[in-house]
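**Q** Structure in structure tokens, see below.
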Amino acid sequence: MISLAEIENILREAGFEYSKKPTITGMSGVKHSFDFIFYKGDKRVVMEVCKENNCLEEMVLRVFCKGLDVRADDRIIICNDQLIVESIINLSKSLGVKVMSPSQFRSLIISQ
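In terms of this note's numbering, the sequence shown is residues 314 to 425.
What follows is the structure in structure tokens.
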């Protein structure tokens, strides 16, 4: 699994503005925490890293709701390839949450 420090290095080397472990207040007034928030131009991207013991379905729903409340333009979850099964792909696509492996994340950031 990719560590938060590795993600931070990838974002820094690619020149992104980012915040690690930020707390941001949503439209509802609720404060939400993420592993990272980074910016692609004027777009706000929220990101969570799935730990081995996390339930990915619940995480997709949680990231969708929190991202909606903070008006995120993109929502990303990074997890191991083995966890990305068809039901997760379908759920995440329907909610506009990008679920990807660490290697897919690296490729996405490098291509920006």
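We treat Cβ as the ideally placed atom computed from N, Cα and C, and that holds for glycine.
What are the start and end residues of the beta strand (DSSP E) that includes I350?
**A** Segment 349-353, the beta strand (DSSP E) holding I350.
**Q** Looking only at DSSP bridge pairs, what is M372 linked to?
**A** Answer by DSSP bridge pairing: none, since M372 is not bridged.
**Q** Return the bridge partner residues of E361 from the DSSP annotation.
**A** Paired residues: I390.
**Q** Buried or exposed: where does I350 fall if 16 or more other Cβ atoms within 10 Å of its Cβ makes it buried?
**A** Under this definition I350 is a buried residue.
**Q** Rounded to whole angstroms, what's the CA-CA distance from C271 to S346? Just pull it up for me.
**A** Residue 271 lies beyond the range of the chain shown here (314 to 425); nothing can be said about it.
**Q** To the nearest angstrom, how far is it from the Cα of V410 to the Cα of G328?
**A** Each residue's Cα considered, the two are about 23 Å apart.
**Q** Can you round the beta-carbon distance between V359 and Y352 to whole angstroms, since I take them to be within the 8 Å contact cut?
**A** So it is not a contact: roughly 11 Å between Cβ atoms.
**Q** Could you check what DSSP says for K411 in three-state terms: helix, strand or coil?
**A** In the structure shown, K411 sits in a strand (DSSP, three-state: E or B).
**Q** From what residue to what residue does the alpha helix (DSSP H) around I320 run?
**A** Residues 317-326.
**Q** Tell me, please, which residues DSSP counts as bridged to K344.
**A** According to DSSP, K344 bridges with T338.
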